[in-house]
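In our numbering, the protein residues as written are 20 to 557.
C-beta atoms are modelled at their ideal positions from N, C-alpha and C, and glycine is treated no differently.
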Amino acid sequence: MQGPVQAPVVFMNTTQERTSGRQAQISNITAAKAVADVIRTCLGPKAMLKMLLDPMGGLVLTNDGHAILREIDVAHPAAKSMLELSRTQDEEVGDGTTTVIILAGEILSQCSLYLIEKNIHPVIIIQALKKALSDALEVIKMVSRPVDVENDTAMKKLIQASIGTKYVNHWSQKMCDLALDAVKTVRIDLGPVPEGEPAFEIDIKRYVRVEKIPGGDVMDSQVLRGVLLNKDVVHPKMSRLVKNPRVVLLDCPLEYKKGESQTNIEITKEEHWNRILQIEEEQVQAMCQQILAVKPTVVITEKGVSDLAQHFLLKGGCSVLRRVKKSDNNRISRVTGATIVTRVEDLKESDVGTKCGLFKVELIGDEYFTFLDESKDPKACTIMLRGGSKDILNEIERNLNDALAVTRNVMLAPSLSPGGGATEMAVSVKLAERAKQLEGIQQWPYQAVADAMECIPRTLIQNAGGNPIRMLSQLRASHAQGQYTMGVDGESGKLVDMVSYGIWEPEVIKQQSIKTAIESACLLLRVDDIVSGVRKQE
């Protein structure tokens with residue numbers, strides 16, 4: 020019995036788009052490839068810059084993969100997940116953000132062949148990818164070599180490799196010095212640690228402050244052995260230069276204490292009113308006397324300082340800074356050795372910081388900056404960047420952050436892999452050899468990873484204007500003979516041995532980028548249904 024033709028059941032809102040099955044996978048892969056193509060030209064020393072206008076009309080000039088993707092607004096969900104990749108890479112290891120994206124895009128586009136044409140089930144592809152990942156990490160371990168962290172020339176070479184692909188390349192010597200100096204300053208030895216644990220605590224985020232001051236020349240940048248604040252002393256008569264200051268750090272306002280809730284006072288006599296005003300003054304005076312009891316020459320507080328308190332402290336010969344940021348105060352305490360005191364009553368001699376050699380206020384450009392400088396054993400520092408314009412400074416700061424991250428990673432895990440696409444090529448050649456030993460369908464996607472790894476040296480050659488096909492086959496040949504350190508000279512697009520050319524990168528970065536890339540590829544391959552335009556029920 021044949022009923023009437025049933026109308027298709029529409030179970031979703033008409034505003035929503037739904038792609039499922041093959042279609043979804045194809046669309047994901049194309050999106051990932053598109054993102055990778057945006058960033059492809061940003062790899063290597065011959066990298067191009069991208070100029071981005073954000074919605075507020077601000078300019079961003081950069082070739083840092085992460086910074087670009089952060090600014091781009093993406094609608095496609097797969098592309099969004101690619102952005103997350105570079106973000107992870109940036110937060111975890113700091114460098115190699117461009118590499119990750121290109122790799123992930125390439126792995127997906129290599130696998131798309133098998134998915135779409137050969138109709139292999141995604142789960143099988145994913146198994147092969149995971150296998151390839153663990154083999155690739157082994158290869159990276161094999162081509163890496165240890166490095167001596169205390170050897171400054173070796174460290175500078177390394178940082179140079181990270182900076183060489185960035186805009187600050189012209190001043191790379193300077194930048195290397197800055198990064199190395201800063202990291203060494205904030206490095207804290209943790210003493211004897213169990214094997215495999217890092218021996219240092221290096222907190223770049225909290226204790227290395229980058230202060231950008233437009234004007235001057237990039238070469239004027241320096242690492243201050245201390246702290247730089249964008250502040251002036253509160254009272255014009257206070258001294259702006261103090262040698263070997265005794266610093267007191269406070270976390271409380273130096274003004275009359277008001278009641279917590281509204282306080283009503285009934286006054287019957289006129290003298291009482293005067294008395295009340297007097298008490299206010301006496302309170303402030305008492306606070307100032309408690310401070311002056313430890314004979315400080317510089318008082319810094321995170322809160323306000325009333326005019327009266329300024330007067331008393333000025334008489335006691337202090338320079339006072341007020342409303343200093345909490346983060347800055349922590350840094351000052353590391354530099355001067357002072358303890359941050361929350362109640363004036365609790366001040367004692369041991370809270371005074373004396374490790375700092377100089378307190379001075381200088382006019383730079385048209386703003387006053389306070390320096391706490393020449394500290395004996397600073398555990399925090401400020402990098403003062405100078406440069407032509409704001410855009411330049413922002414880009415330099417981004418590059419400097421990469422350099423700092425690289426330095427930190429090497430200190431924590433002192434092992435290097437050859438740069439210039441050498442590591443990637445080694446992985447590719449090794450995986451291609453192993454793929455021949457696998458049986459069944461697995462070997463194809465496994466081979467796909469091997470092919471995808473080649474995209475890094477290939478992109479380097481292309482960006483330098485070389486001939487990719489000829490160069491790649493030469494490179495492949497030399498790797499097959501076991502020369503693992505052969506890579507691409509990103510300047511000229513020729514092949515060089517990385518040992519003599521001296522471009523090395525921290526092994527952590529290489530490992531992290533391959534892990535992230537392959538895992539994200541697996542994630543996107545697993546998707547078989549995309550619903551977009553989902554709105555909450557009105």
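- Runs of the beta strand (DSSP E) spanning 3 or more residues and lying entirely within the stretch 472-546 occur at 505-507, 514-516, 523-525, in chain order.
- Under the DSSP definition of a beta bridge, residue 387 partners with 382.
- Between the alpha carbons of residue 373 and residue 260 lies a gap of roughly 15 Å.
- Under the three-pair Cβ rule at 8 Å, the stretch 475-492 counts as touching the stretch 431-447.
- Per DSSP, reduced to three states, the secondary structure at residue 272 is coil, with no helix or strand assignment.
- DSSP places residue 400 in the uninterrupted beta strand (DSSP E) bounded by 400-406.
- In the structure shown, residue 231 falls within a strand segment according to DSSP collapsed to helix, strand and coil.
- Ranked by Cα distance from residue 124, the first of 503, 550, 541, 548 is 541.
- Counting only the Cα atoms, residue 532 lies some 5 Å from residue 119.
- Excluding sequence positions up to five before and after residue 523, its CB lies within less than 8 Å of the CB of 166, 176, 177, 180, 435, 436, 437, 438, 517, all in the same chain and listed in chain order.
- The three-state secondary structure of residue 267, taken from DSSP, is strand.
- Here residue 64 carries a coil assignment [DSSP, helix/strand/coil].
- In this chain, the beta strand (DSSP E) harbouring residue 81 covers 78-81.
- Residue 105 places its beta carbon less than 7 Å from that of residue 88.
- DSSP places residue 157 in the helix class (H, G or I) of the three-state scheme.
- For residue 172, the enclosing alpha helix (DSSP H) starts and ends at 171-182.
- A Cβ-Cβ separation of about 6 Å places residue 423 in contact with residue 201 under the 8 Å criterion.
- DSSP, reduced to helix, strand and coil, places residue 70 within a strand of the structure shown.
- Bounds of the alpha helix (DSSP H) holding residue 197 are 191-205.
- Three or more Cβ pairs closer than 8 Å define a contact, and the stretch 278-296 falls short of that threshold against the stretch 318-326.
- Taking the C-beta atoms as reference points, residue 550 is found no nearer than 7 Å to residue 164.
- Of the other Cβ atoms in all chains shown, 16 or more fall within 10 Å of the Cβ of residue 347; this residue is therefore buried.
- Nearest Cα to residue 219 within the set 506, 474, 431: 431.
- It is roughly 41 Å from the alpha-carbon of residue 327 to the alpha-carbon of residue 416.
- Rounded to whole angstroms, residue 48 and residue 464 show a C-alpha spacing of 15 Å.
- For residue 313, the closest C-alpha among the options 268, 330, 519 is that of 268.
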